[in-house]
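Notes follow the structure.
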Amino acid sequence: MLGKITIRTYNPHSRAHSHDFHQILIPTQGFIDLKLDGIESKASSGHCVVIKAGCFHEFKAHEEFRFIVIDVSEMPPELMQLETSRVSLNEAAIHYIQFIEKQLQNPLEPDFEKSLIKLLFDLLIQQDFREKIDERVQACLNFLAQDIARPHSIEELANIACLSPTQFKHVFSKNMKMPPLQYLAKLRIEKAKTLLQNTDLPISQIAQEVGFANQSSFTRSFTQSLGQTPKLYRQNTSLA
């Protein structure tokens with residue numbers, strides 16, 4: 000199996016093409032509009048998009064979109080037989096993607112790169128492909144991904160889903176295994192982790208970028224989530 004891992008950023012202009020190899024696209028920041036053989040979709044952090052060889056795909060990235068791409072000549076049968084192109088990733092897979100992103104800061108040895116791809120495939124085939132997110136909830140996920148920094152209310156999200164606030168909270172929690180605002184808080188922490196790892200932005204600015212009113216509230220929320228302050232997290236990941 001030939002394989003290559005790269006990390007890329009795209010501008011907002013639409014692009015379309017196909018190729019004779021398979022491609023795994025994994026967003027790590029922001030979101031992207033996709034059209035795969037005419038079927039429209041969106042993907043953001045926490046998703047994996049499987050693009051089979053010969054699939055004509057068009058995509059348009061939004062601001063600050065960053066993603067990992069794996070080009071391979073062969074894929075496991077489980078991925079080749081997928082009825083859907085987008086897969087939701089579990090926590091183990093998300094953490095492994097973060098590890099890969101860190102490794103890509105330096106050139107990869109071919110054998111190490113091959114082992115990274117193999118383990119990624121092992122994790123991908125363990126995902127629950129049968130689980131499909133309710134379209135009403137997916138509309139809210141896409142809306143949140145566009146701007147996680149701005150204030151979002153249950154009433155606003157319920158309107159997007161065309162549900163009452165009570166119904167929305169029930170449907171969202173059933174699909175995402177957590178309440179809406181907890182999911183938003185998780186998105187913000189994940190983006191903060193990416194910014195801490197991959198930029199030199201001041202922590203106060205990162206707090207603003209991910210929707211916190213001030214650095215103190217950001218530090219408190221980050222520490223409660225990860226058990227360490229943003230400053231310590233940045234120091235530890237820079238040494239990894």
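For the sequence shown, the residue numbers in numbering that gives the first Met the number 0 are 0 to 239.
Glycine included, every Cβ here is placed at the ideal spot set by N, Cα and C.
Check	Outcome
Span separating the alpha-carbon of K51 from that of L33	14 Å
A52, DSSP secondary structure in three states	coil
Beta-carbon proximity list for K168, same chain, < 7 Å, skipping 5 on both sides	I153, P178 and P179
With 16 other Cβ atoms within 10 Å as the buried cut-off, status of R106	The question names Arg, yet the displayed sequence has Pro at residue 106. Flag for P106 reads exposed.
Backbone CA spacing between I188 and R233 [nearest angstrom]	13 Å
8 Å Cβ cutoff met for Q145 and F30	yes
Stretch pair the stretch 1-8 + the stretch 37-45: three plus CB contacts closer than 8 Å	no
Identity of the residues DSSP links to F30 by a beta bridge	S43
Spatial neighbours of G2 in its chain, beta-carbon cut-off 8 Å, leaving aside the 5 residues before and after	I69, D70, V71, S72, E112, K113 and I116
Per-residue DSSP class, three states only, for S220	helix
I96 vs I205 beta-carbon contact at 8 Å	no
Under 8 Å between C-beta atoms of F64 and Q104	no
T218 vs P229 beta-carbon contact at 8 Å	yes
Spatial distance of C161 from L231 (CA atoms)	42 Å
Terminal residues of the beta strand (DSSP E) in which I69 lies	R65 to V71
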